[in-house]
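Notes to accompany the following structure.
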Amino acid sequence: MSAIATSSTGFDAGYKTRQFHPHVIILDIKLPDLDGREVCKQLRADTDFSDVKMIAVSGYLSDAEIKELDTVGFDTFLAKPFSSEDLIVRVAELLSVGVI
Numbered sequence: 098m099s100a101i102a103t104s105s106t107g108f109d110a111g112y113k114t115r116q117f118h119p120h121v122i123i124l125d126i127k128l129p130d131l132d133g134r135e136v137c138k139q140l141r142a143d144t145d146f147s148d149v150k151m152i153a154v155s156g157y158l159s160d161a162e163i164k165e166l167d168t169v170g171f172d173t174f175l176a177k178p179f180s181s182e183d184l185i186v187r188v189a190e191l192l193s194v195g196v197i
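To convert, take the position in the sequence shown, counting from 1, and add 97; that gives our numbering.
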């Protein structure tokens, strides 16, 4: 069974991640309460989430900021706006599954 959970704040994302333990997290960098990079760092510091794939999304990052996302633990980045097809392909690549 697959499921999706959503959050509108970084705090809520961290809380739900600990309850839900997803395979993939799609995390906006510009959250209202915490920077998405900080949320990623906090989750990566917990060994229970070392296998979770994390996708950073933003429409407001410089090229230098994008290059630094892997240093905080993100697996990949998608620039906004992006299509649902782009997201599906990226998730499939991270999980090593095919797309139909």
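Glycine included, every Cβ here is placed at the ideal spot set by N, Cα and C.
Owing to the predicted nature of the structure, the values given are computational and were not obtained by experimental measurement.
Inspect the beta-carbon positions of residue i and residue j and report whether they are closer than 8 Å.
| i | j | result |
| --- | --- | --- |
| Leu128 | Met151 | no |
| Phe108 | Leu131 | yes |
| Ala110 | Val149 | no |
| Gly133 | Ala161 | no |
| Gly156 | Lys138 | no |
| Leu175 | Asp167 | no |
| Leu192 | Asp172 | no |
Please classify residue i: does DSSP put it in a helix, a strand, or coil?
| i | result |
| --- | --- |
| Ser155 | strand |
| Asp143 | coil |
| Met98 | Its pLDDT being 46, under 50, Met98 is placed unreliably by the model, and the measurement read from it follows with that caveat. Correct three-state label for Met98: coil. |
| Asp125 | strand |
| Asp130 | coil |
Does the Cβ of residue i have 16 or more other Cβ atoms within 10 Å, making it buried, or fewer, making it exposed?
| i | result |
| --- | --- |
| Ile122 | buried |
| Pro115 | According to the sequence provided, residue 115 is Arg. The question's Pro does not apply to it. Arg115 is exposed by the Cβ-count criterion. |
| Phe117 | exposed |
| Gly195 | exposed |
| Phe179 | exposed |
| Ile101 | exposed |
Just curious, the alpha helix (DSSP H) that residue i is in, first and last residue?
| i | result |
| --- | --- |
| Thr168 | Leu166 to Val169 |
| Ile185 | Ser181 to Leu192 |
| Ile103 | Inspection of the sequence shows that residue 103 is occupied by Thr rather than by Ile. That residue, Thr103, is in no alpha helix (DSSP H); it is neither H nor E in DSSP. |
| Gly107 | Gly107 to Phe117 |
Looking at the unbroken beta strand (DSSP E) that takes in residue i, where does it start and where does it end?
| i | result |
| --- | --- |
| Phe174 | Thr173 to Ala176 |
May I ask you to list the residues that DSSP assigns as paired with residue i?
| i | result |
| --- | --- |
| Lys138 | Lys138 is not bridged to any residue. |
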